[in-house]
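Here the structure is laid out as structure tokens; the discussion comes afterwards.
Numbering (our numbering), first residue to last: 1 to 118.
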């Protein structure tokens, strides 16, 4: 995996808004969770861009993302709740790409992807 090119504006947002005043990886994960929950405008449509062992979604499948999952966050993985086949379940945010979403949502998800890539 190649590292994302450094983005100073994004780095500043992450440092000053998302992980500010955090002292452990667990606190940073919860900072990310709070940022994503506060910034993403739910619900929105998304497309599965990669299959994951822990998710039933197939590449190209479209889903409605309805909120953050109550699954405890980590610095490697954040789960969102989707509507799928008549029920709700949590899937990794990184396997989804917004289709119809607000600019805030697009930015928040891009920030998370950048964090994972760096």
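Quick reminder that beta carbons are idealized off the backbone N, C-alpha and C, glycines included.
These numbers come from a predicted model, not from an experiment.
- Item | Through-space distance from residue 39 to residue 11, alpha-carbon basis | As a working mapping, residue 11 is identified with position 11 in the chain shown. As a working mapping, residue 39 is identified with position 39 in the chain shown. Distance between the alpha carbons of residue 11 and residue 39 is about 17 Å.
- Query: Taking Cβ positions, are residue 112 and residue 93 nearer each other than 8 Å?
  - Reply: Translated into the one-based positions of the chain shown, residue 112 becomes position 112. Translated into the one-based positions of the chain shown, residue 93 becomes position 93. In this structure, residue 93 lies closer than 8 Å to residue 112 by Cβ.
- Query: Rounded to the nearest angstrom, how far is the Cβ of residue 105 from that of residue 41, given a contact under 8 Å?
  - Reply: The count along the chain shown starts at 1 and reaches residue 105 at position 105. The count along the chain shown starts at 1 and reaches residue 41 at position 41. The Cβ separation is near 5 Å, so the contact holds.
- Query: Do you know offhand how far residue 59's Cα is from residue 36's?
  - Reply: Reading the chain shown from its first residue, position 59 is the one you call residue 59. Reading the chain shown from its first residue, position 36 is the one you call residue 36. Taking the straight line from one Cα to the other gives about 23 Å.
- How would you write the range of the beta strand (DSSP E) that residue 81 sits in, first residue to last? Residue numbering aside, residue 81 sits at position 81 when the chain shown is read from its first letter. Run containing residue 81: 79-84, per the beta strand (DSSP E) assignment.
- Can you tell me the Cα-Cα spacing of residue 53 and residue 90, whole angstroms? Start at 1 with the first residue of the chain shown, and residue 53 comes out as number 53. Start at 1 with the first residue of the chain shown, and residue 90 comes out as number 90. Residue 53 and residue 90: Cα-Cα distance of roughly 13 Å.
- Do you know offhand how far residue 65's Cα is from residue 47's? Here residue 65 corresponds to residue number 65 of the chain shown, with the count starting at 1. Here residue 47 corresponds to residue number 47 of the chain shown, with the count starting at 1. Those two C-alpha atoms are separated by around 10 Å.
- Message: Do residue 80 and residue 68 count as a contact pair if the criterion is CB distance below 8 Å?
- Response: Along the chain shown, one-based indexing puts residue 68 at 68. Along the chain shown, one-based indexing puts residue 80 at 80. Yes, these two residues count as a Cβ contact at 8 Å.
- Message: Can you tell me whether residue 31 is helix, strand or coil according to DSSP?
- Response: Along the chain shown, one-based indexing puts residue 31 at 31. Residue 31: helix per DSSP, three-state reduction.
- With C-beta atoms as the reference, is residue 45 less than 8 Å away from residue 99? One-based indexing of the chain shown puts residue 45 at position 45. One-based indexing of the chain shown puts residue 99 at position 99. Yes, the Cβ-Cβ distance between residue 45 and residue 99 is below 8 Å.
- Query: Which value, in whole angstroms, describes the spacing of the CA atoms of residue 16 and residue 107?
  - Reply: Residue numbering aside, residue 16 sits at position 16 when the chain shown is read from its first letter. Residue numbering aside, residue 107 sits at position 107 when the chain shown is read from its first letter. One C-alpha to the other measures close to 16 Å.
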